[in-house]
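Novice: Quick note on the working numbering: the sequence shown kicks off at 147 and runs consecutively. Right, I'll just put the structure down here and ask away after.
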Amino acid sequence: MNTFRWPDARGWIGIGSFVLTVMVLWMLAVFPDLRADEFFKTICTLIIGTGFINGVVSWAYGATKGGGELADQNAAIVRKQAEASPPISEELKP
């Protein structure tokens with residue numbers, strides 16, 4: 147079955163970084179005077195090169211994709227072990 151699925155957070159971040167890059171290249175094609183503008187070049191380098199790509203994308207792709215599910219599984223294991231162990235007050239003291 148072909149059912150449409152919206153992208154997850156990583157998908158949206160990838161789409162956003164691609165659209166931002168295409169937008170900057172489109173602006174350069176439509177407005178060639180921007181190629182000589184040092185302010186525009188600096189802003190593009192800061193936004194796309196350092197801030198956006200290095201910060202947001204590296205965070206998104208460096209994190210574990212199933213981190214939330216893994217945390218829930220670990221919590222369930224700890225909860226099960228805690229329920230199976232005797233209360234501390236009933237433990238024998240050496």
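C-beta: ideal position from N, C-alpha, C; glycine also. All figures in this text were calculated on a predicted structure; none of them were measured in a lab.
Take Leu180 and list the residues in its own chain whose beta-carbon comes closer than 7 Å to its own, dropping the five residues that flank it on each side.
Specialist: Position 34 of the sequence shown holds residue 180. The residues are Met173, Leu174, Phe186.
Novice: Note down the Cα distance separating Val170 from Ser204, rounded to an integer number of angstroms.
Specialist: For the purposes of this step, residue 170 is identified with residue 24 of the sequence shown, where counting begins at 1. For the purposes of this step, residue 204 is identified with residue 58 of the sequence shown, where counting begins at 1. Rounded to the nearest angstrom, the two C-alpha atoms are 21 Å apart.
Novice: Which stretch, first to last residue, makes up the alpha helix (DSSP H) that contains Ala175?
Specialist: Looking up residue 175 in the sequence shown gives position 29. From DSSP, the alpha helix (DSSP H) with Ala175 extends over 155–176.
Novice: Report the three-state DSSP secondary structure of Asn148 (helix, strand or coil).
Specialist: Start at 1 with the first residue of the sequence shown, and residue 148 comes out as number 2. If DSSP states are grouped into helix, strand and coil, Asn148 belongs with coil.
Novice: In terms of residue numbering, what span does the alpha helix (DSSP H) encompassing Ile189 cover?
Specialist: Counting from 1 along the sequence shown, the entry for residue 189 is found at position 43. Element bounds for Ile189: 184–190.
Novice: Assuming Thr167 contacts Ile194 (C-beta within less than 8 Å), just tell me the rounded distance between them.
Specialist: Position 21 of the sequence shown holds residue 167. Position 48 of the sequence shown holds residue 194. Correct: roughly 6 Å between the Cβ atoms.
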